[in-house]
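Take the sequence shown: its position 100, counting from 1, is numbered 100 in the UniProt record's numbering, and each next residue is one higher.
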Amino acid sequence: MVDLYNVETYNADTRFNASYLNALERMLEKVLPHAMLKAKPNLESRIRTLKMDWATVYDLLNVKDNSNFGWDEHRQMVVAKDAIWNLYISMLPYFLGKTYELLALN
């Protein structure tokens, strides 16, 4: 996608134009010839997921007056104390009323 963006053929203002998915499909076909990935639904769905994940990370790191979350450059991940994660997770609608175990990352 970086290559497509840098070529500037598929740019429309600050976004990709409609034909970029087909170009991405052709690029992936060269690298993964038998994967049979299609622009719709495979690539479109994955890009939608990446956008949501990116928005979550961006919000965690850039919320006003939020110094509780940080970025670990070495591990390339968002970091916070366990109590902060517990509070954050408990406020997410998906986890309301559910129990979960902490996963220790070392």
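Just so you know, even glycine gets a beta-carbon here, dropped at the ideal spot from N, CA and C.
From the listed residues Tyr88, Asn22, Ser45, Pro33, the smallest Cα separation to Asn68 is found for Tyr88. Listed as beta-bridge partners of Trp71 by DSSP are Val78. Cβ-Cβ separation between Asp72 and Val63: approximately 18 Å, too far for a contact (criterion under 8 Å). For a cut-off of 8 Å, the C-beta gap from Glu25 to Leu43 is around 6 Å, short enough to register as a contact. In this structure, the beta-carbon distance from Leu21 to Ala39 falls below 8 Å.
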